[in-house]
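Trainee: Okay, so the sequence shown: first residue is 50 according to the numbering used here, each after it adds one.
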Amino acid sequence: MPKPRPLGKRPFTRHTVLTIAGFLLPAFVFVVIFTYYPMIRGSQMAFRQWNLFDLTNTPWIGLGNFRTIVSDPIFARTIGNTAVWVVGSLVPQVVIGFLIALALRKGFRFRGIYQALVFYPWAVSGFLIGILFRWMFNSEFGVVNDLLTKAHIISDPVPWLADANLAMTAVIIANIWYGVTFFAMMILAALQSIPEDILEAAALDGAGRIRTLFLIMIPYVRSTLTLTILLRIIWIFNFPDIIYAMTGGGPANQTHITATWMIQFTQQGSYGLASALGLIIVMVLFIFTAIYLRVLTKEDD
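#1: Can you say whether Arg271 is buried or exposed, counting buried as having 16 or more other CB atoms within 10 angstroms of its CB?
#2: Quick check on DSSP: helix, strand or coil for Trp184?
#3: Quick one: any contact between the region 253-262 and the region 129-142, if contact means 3 or more CB pairs under 8 Å?
#4: Excluding five sequence neighbours on each side, which residues of the same chain lie with their C-beta closer than 6 Å to the C-beta of Val193?
#5: Using the beta-carbon count (16 or more within 10 Å), is Gln313 buried or exposed?
#6: Based on the DSSP output, what are the partners of Arg97 in its beta bridges?
#7: Using the three-state DSSP reduction, which class does Val167 fall into: helix, strand or coil?
#8: Determine the burial state of Met88: buried for a count of at least 16 other Cβ atoms within 10 Å of its Cβ, exposed for fewer.
#9: For Ile149, report the span of its alpha helix (DSSP H) as first-last.
#10: Can you find a heavy atom of the ligand FMN that lies under 7 Å from the Cβ of Arg158?
#11: What is the rounded straight-line gap between the Cα of Leu56 and the Cα of Leu153?
#12: In whole angstroms, give me the CA-to-CA distance for Phe337 and Asp205.
#13: Is the beta carbon of Gly179 closer than 8 Å to that of Asp103?
#14: In three-state DSSP terms, what is Glu249?
#15: By the three-class DSSP mapping on this structure, what secondary structure does Asp195 have?
#16: Rounded to whole angstroms, what's the CA-CA distance from Pro122 to Leu322? Just pull it up for me.
#17: Hey, could you find the ends of the alpha helix (DSSP H) Pro75 is sitting in?
#18: Compute the beta-carbon to beta-carbon distance between Ala294 and Arg183, rounded to the nearest angstrom, for a pair I have assumed lies under 8 Å.
#19: Would you identify the three-state DSSP class for Ser242, choosing helix, strand or coil?
#20: If you run the structure through DSSP and keep just helix, strand and coil, what is Ser272?
#21: Going by other Cβ atoms of all chains shown within 10 Å of its Cβ, with 16 needed for buried, is Trp99 buried or exposed?
#22: Between the C-alpha atoms of Ala213 and Phe115, what's the straight-line distance to the nearest angstrom?
#23: Would you mind working out which of Val80, Leu101 and Thr62 sits nearest Thr412, comparing C-alpha positions?
#24: Taking only three categories from DSSP, how would you classify Ser324?
#25: Of all the options Phe231, Ala172 and Tyr163, which has the alpha carbon lying nearest to the alpha carbon of Leu276?
#26: Take Val344 and list the residues in its own chain whose beta-carbon comes closer than 7 Å to its own, dropping the five residues that flank it on each side.
#27: Check Gln316 in the structure and name its three-state DSSP category.
#28: Taking Ala216 and Thr296 to be in contact with their CB atoms under 8 Å, please state how far apart those CB atoms are, rounded to whole angstroms.
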């Protein structure tokens, strides 16, 4: 009677290797053609004088496009606006999302319907959200001014998107509403993984809701919270949809972030400048991605 083959790692045969390579080849070719090739072609534009309206004259200028961007006064403004955009959107999203997750953790009547309504915005296009909020903040017909007027908070319509001091606030409010859903989903999933016996033991020991929150819940979901925040920073930094739909970077460049400024260069046909700015954005995102992967690897260990 033949002995059964011992279980364990079997050596890869040539046929197995070729089979695996055959299955992976279409995906590899697709990624190379539609991802890496455009990235390489676009990156080399950053070092040329590349203008859409004069494609016959594209000389190599080295770091000329980078010097043009850095020396432009708008560059410093976009860096500051990007920081305000990220921090101003992120902090309220974390806080409000955490509160919604805490509310959804406990069962109540029509919880499923309420949860669906809360999570629905995440399925909508960011550009569409920007268009909706542009109408909501319209100085003449917007619902925001209408509600504030009926509540006797303001007496005259406020030009939210035309005022240089208020436009950034308006786009941040729109982004907060859009991004709260993401934190609510992620934090809710983490909170539901907390064992109930730990919370019951804390209650028996006399821990109140505040102490339970800060001493048990938040430490338990800290890894998820950290990774979610880092991931959301990357997304918000490179998320021009809402700003572009609401203000286009105006008024007077007051709401321009690096991503919307890059779009403006492409509209002007200055693909060399747009590519150079895109490489700067990629380098910044690479730093945050490295931090994200480092934290992720550390959590897995």
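Idealized CB from N, CA, C, for every residue including glycine.
This one's a predicted model, so the numbers in the text were calculated from it and none came from an experiment.
Mentor: Reading from the atomic positions:
#1: exposed
#2: helix
#3: Touching, no.
#4: Met185 and Phe186
#5: buried
#6: Trp109
#7: helix
#8: exposed
#9: Pro122 to Arg154
#10: This structure lacks the ligand FMN, and indeed carries no ligand of any kind.
#11: Note that Leu56 scores 49 on pLDDT, short of 50, meaning its location in the model is unreliable; the coordinates nonetheless yield the value given after this. Using only the alpha carbons, I get a separation of about 47 Å.
#12: 43 Å
#13: no
#14: Residue state, collapsed to three classes: helix.
#15: helix
#16: 15 Å
#17: Arg63 to Val80
#18: So it is a contact: roughly 6 Å between Cβ atoms.
#19: coil
#20: helix
#21: buried
#22: 28 Å
#23: One cannot answer for residue 412 here, as it falls past the ends of the chain, which runs 50 to 350.
#24: If DSSP states are grouped into helix, strand and coil, Ser324 belongs with the helices.
#25: Phe231
#26: Thr275, Leu276 and Leu279
#27: helix
#28: Contact between Ala216 and Thr296 holds, since their C-beta atoms are separated by about 5 Å, short of 8 Å.
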